[in-house]
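A.B. asks: Numbering-wise (numbering that gives the first Met the number 0), the sequence shown opens with residue 0 and increments by one.
By construction, the Cβ of each residue, glycine as well, lies at the ideal position given by its N, Cα and C atoms.
Below is the structure I would like to discuss, written out as structure tokens.
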Amino acid sequence: MDNQFFKFDDRLNNAAKEALEKAKGAFARIDEMTEYNQHKVLSAFIENRVSETQLWGTTGYGYGDSGRELADKIVADVFGAEDAIIRYSIACGTHALGIALFSLLRPGDNMLCITGRPYDTICPVIGMDGKNGQGSLADFGVTYLQTDLDENGHLDYEAIEKAVKANKIRLVYLQRSRGYTLRDSLSVEEIGKAVKIVKENSDALVMVDNCYGEFVEKTEPTAVGADLIVGSLIKNPGGGVAKCGGYMAGTKEAIDLCSYRLTTPSLGKEVGASLESTREILMGLFHAPHVVGEALKTAVFAASLFEDFGFETTPSSDEARHDIIQAIKLKNSENLIAFCQGLQKGSPVDSYVTPEPWDMPGYPCQVIMAAGAFTSGSSIELSADAPLREPFAVWMQGGLNFHSGKIGIMLAAQEMIKRNLI
Ligand SMILES: *Cc1c(COP(=O)(O)O)cnc(C)c1O
């Protein structure tokens, strides 16, 4: 393939062609799943009779904001939940997860996380690592318990059953995505199995950190009995359109509790002006299944190409996917730096910027990041992060459309070729 706009050498062009050929089966599966999810979303819009005037938004208290209520209803329908909350006033995924945790837990309660150590930003919310005094769950007398993943990185069902039988657990918490570790992400089916064990052996509620998982499968964890799922709108469900925000979806009881924490007891979901957010929230949700499909194709292509160059990938190009994250073990710092600097060159925004490793707060080593996004920090847009330490892996995700995502991945490879690294 001769490219008029990007000059890749023959070796890379041939490798890309082979990578695409190898990815054919995976692409067909992604297309099938994307079409299913897109139809699901479109039918929810039609069933709920979305009208143009509902997209305009409200000011002040926001009483009777039918657009806001409509967006909540559509999210609930799409995710197979009784009720939902989707808002720009939720700052980010961590904020959404924090609201949910404080909504479902009370002083004296036990919380059990069944996927090992939670995502970095959630640990201070729980009050792990002794960093208390800011109003963490620990400060309010909530006890944190944990079961670890088994040696293969999967749920340890026996340990979960033992833990829920031995302790009075109010909330079981699990993280669907691998996050920035090399464990596998969890399938909805595996989550369903864990929910069944928890519900058979206790009265605990189950909450899922659903970040990066939305629309990657045909159903969400709410369909297999999770009481609450929570995520960020600058990832999958924002479709690359939402400018910020978060959501939660689940049982009526769980969402009512969340609404009293989101605003305040008695007011709940009745207030909260949507300003001009409703149009973007709904447009983003409408695009989300397709955009997630494009991000998945970008990830599969990256895995396939870098496998050709002899690198280990997780998930591999033909493995089932349960989130949009692709990790590639690039073996050393030089490769990580070249990859991120090359990827940046393929961004629609800030393509001319050269990312450099920096001492990121909270990290014991330098980290390099590539991000050239329309929305700051958006990781449904093509982006990559790499801590410069063992296992020398880059975690990449996103890509609003495959055609541009593919160029970003190829520019990352080209930069490595140019520096004689591959
Ligand atoms: C992104 C993410 C979060 C929340 O992060 P924010 O940066 O606050 O949006 C939580 N858990 C996981 C697994 C994530 O990927």
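(1) Are the CB atoms of residue 361 and residue 381 within a distance shorter than 8 Å?
(2) Count the other CB atoms within 10 Å of the CB of residue 62; is the residue buried (16 or more) or exposed (fewer)?
(3) Could you check what DSSP says for residue 359 in three-state terms: helix, strand or coil?
(4) If you reduce the DSSP assignment to three classes, tell me which class residue 65 lands in.
(5) Can you tell me whether residue 316 is helix, strand or coil according to DSSP?
(6) Compare the Cα-Cα distances from residue 296 to each of 33, 5, 7, 3 and report the closest residue.
(7) Assuming contact is defined by CB atoms lying nearer than 8 Å, are residue 177 and residue 327 in contact in what I supplied?
(8) Exposed or buried, what is residue 351 when buried is set at 16 or more other beta-carbons lying within 10 Å of its beta-carbon?
(9) How many angstroms separate the CA atom of residue 137 from the CA atom of residue 85?
(10) For residue 364, does the count of other Cβ atoms within 10 angstroms reach 16, so buried, or fall short, so exposed?
(11) When every heavy atom of ligand 1 is checked, does at least one fall within less than 7 Å of the C-beta of residue 145?
(12) From what residue to what residue does the beta strand (DSSP E) around residue 250 run?
(13) Does the Cβ of residue 96 lie closer than 7 Å to at least one heavy atom of ligand 1?
(14) Am I right that residue 73 and residue 47 are in contact with their C-beta atoms under 8 Å? What's the rounded C-beta distance?
(15) Pick helix, strand or coil for residue 347, following the three-state DSSP scheme.
(16) What's the C-alpha gap between residue 91 and residue 235?
(17) In chain order, which alpha helix (DSSP H) runs of at least 4 residues are fully inside the region 49-104?
(18) Return yes when at least one heavy atom of ligand 1 lies under 7 Å from the C-beta of residue 327, else no.
(19) Sort out for me which residues DSSP pairs residue 231 with in a bridge.
(20) Kindly indicate which three-state DSSP category residue 109 falls into: helix, strand or coil?
(21) For residue 170, report the span of its beta strand (DSSP E) as first-last.
(22) Please work out which residues of its chain come closer than 8 Å, Cβ to Cβ, to residue 10, disregarding the five sequence neighbours upstream and downstream, and give them in chain order.
(23) Would a C-beta distance cut-off of 8 Å place residue 276 and residue 87 closer than the cut-off?
(24) Looking only at C-alpha atoms, which of 66, 161, 262 sits nearest to residue 199?
(25) Do you know how far the Cα of residue 391 is from the Cα of residue 223?
(26) Within the chosen definition, does the region 367-386 reach the region 399-418 through at least 3 CB pairs nearer than 8 Å?
(27) Below 8 Å between beta carbons: does that hold for residue 267 and residue 95?
(28) Pop quiz: residue 22 and residue 303 are said to be a contact at Cβ under 8 Å. What is the actual Cβ separation, rounded to whole angstroms?
(29) Quick check on residue 3: buried or exposed, where buried means 16 or more other Cβ atoms within 10 Å of its Cβ?
(30) Is residue 382 helix, strand or coil by DSSP?
(31) Under 8 Å: do the region 201-212 and the region 122-135 share three or more Cβ pairs, one atom per stretch?
(32) Between the beta-carbon of residue 146 and the beta-carbon of residue 125, is there less than 8 Å?
C.D. replies: Reading it off the structure:
(1) For residue 381 and residue 361, no; Cβs fall outside 8 Å.
(2) By the neighbour-count definition (other C-beta atoms within 10 Å, threshold 16), residue 62 is an exposed residue.
(3) It is coil, neither helix nor strand.
(4) Residue 65: helix per DSSP, three-state reduction.
(5) Three-state result, residue 316: coil.
(6) 33
(7) no
(8) exposed
(9) A straight line joining the alpha-carbon of residue 137 with that of residue 85 spans about 27 Å.
(10) That one is exposed.
(11) Judged by the Cβ position, residue 145 fails to qualify as a neighbour of ligand 1 at the 7 Å threshold, every heavy atom of the ligand being at least this far.
(12) Here residue 250 belongs to no beta strand (DSSP E), and DSSP marks it neither H nor E.
(13) For ligand 1, at least one heavy atom lies less than 7 Å from the Cβ of residue 96.
(14) 5 Å
(15) coil
(16) Taking C-alpha positions only, residue 91 is separated from residue 235 by approximately 13 Å.
(17) As far as the region 49-104 is concerned, its whole alpha helix (DSSP H) runs of at least 4 residues are 65-77, 92-103.
(18) No; taking the cut-off as 7 Å, the Cβ of residue 327 has no heavy atom of ligand 1 nearer than that.
(19) 245
(20) Strand.
(21) 170-174
(22) Contacts found: 416.
(23) yes
(24) It is 161.
(25) 36 Å
(26) Because the criterion of three Cβ pairs below 8 Å is met, the region 367-386 and the region 399-418 touch.
(27) Result no, Cβ atoms of residue 267 and residue 95 do not sit closer than 8 Å.
(28) Right, their Cβ atoms sit about 5 Å apart.
(29) exposed
(30) strand
(31) no
(32) no
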